[in-house]
Amino acid sequence: MPLFTIQNEFRYEITRKIFEGGMGVVYEAEQHGAREFVKRVAIKIIRPSFASQQMFIDNFVGEARLVADLIHTNIVQTYHLGEANGVFFIAMELIRGVNLEQFTQQLSDKRRVLPKELAVFITSRVARGLAYAHAKTDKDGTQLGIVHRDVSFKNILIA
Numbered sequence: 000m001p002l003f004t005i006q007n008e009f010r011y012e013i014t015r016k017i018f019e020g021g022m023g024v025v026y027e028a029e030q031h032g033a034r035e036f037v038k039r040v041a042i043k044i045i046r047p048s049f050a051s052q053q054m055f056i057d058n059f060v061g062e063a064r065l066v067a068d069l070i071h072t073n074i075v076q077t078y079h080l081g082e083a084n085g086v087f088f089i090a091m092e093l094i095r096g097v098n099l100e101q102f103t104q105q106l107s108d109k110r111r112v113l114p115k116e117l118a119v120f121i122t123s124r125v126a127r128g129l130a131y132a133h134a135k136t137d138k139d140g141t142q143l144g145i146v147h148r149d150v151s152f153k154n155i156l157i158a
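Take the sequence shown: its position 51, counting from 1, is numbered 50 in numbering that gives the first Met the number 0, and each next residue is one higher.
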């Protein structure tokens, strides 16, 4: 039983598109709160072409609920699941940087290769985040069985 409830709405102002994936689009936004509070966040929205399909909505909401309590240096933190005008969105930690695909392309454009030591470091950090998520339990100690199904260069952020 909660001690008390606070009901309030967040306001997000979208400032730019960061990335387009297969089923969603990620934007940079400003979260506005009381007394001119502003926090920069990332907002993930289901693509309009999928937004009316219940299976995609259920998967999107399920993803947000599953990762809500993942607090780890190597995992983007989820702040809020919201719905506005029938469109679901997830407010997340904003990572200032590039994804690994962009990073390796930048290296290639400069005719450079990713140093082995840096590749090993990146891989170790990805493994740490995945291990944490895989071992995560609920409040009763039951393993959540989290498996990341899309570990790819596009989903690894370098800051």
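By construction, the Cβ of each residue, glycine as well, lies at the ideal position given by its N, Cα and C atoms.
- With respect to the 7 angstroms criterion, His79 and Ala67 are not classified as neighbours on the basis of their beta carbons.
- Residue pairing from DSSP places Met91 in a beta bridge opposite Ala41 and Thr77.
- Apart from the 5 residues on each side of it in sequence, Asp137 sits with its Cβ closer than 7 angstroms to the Cβ of Leu143 in its chain, given in chain order.
- In the DSSP annotation of this structure, the continuous segment of the alpha helix (DSSP H) that includes Gln104 starts and ends at Leu99 to Asp108.
- Only buried fits Ala28, as 16 or more other CB atoms lie within 10 angstroms of its CB.
- At a Cβ-Cβ threshold of 7 angstroms, Leu93 and Ala41 count as neighbours.
- At the C-beta level, Ile45 and Tyr26 stay beyond 7 angstroms of one another.
- Taken through DSSP and simplified to helix, strand or coil, Glu35 comes out as helix.
- Here Thr141 carries a coil assignment [DSSP, helix/strand/coil].
- Taking a cut-off of 8 angstroms on C-beta distances, the region 123 to 140 touches the region 70 to 77, as three or more cross pairs fall below it.
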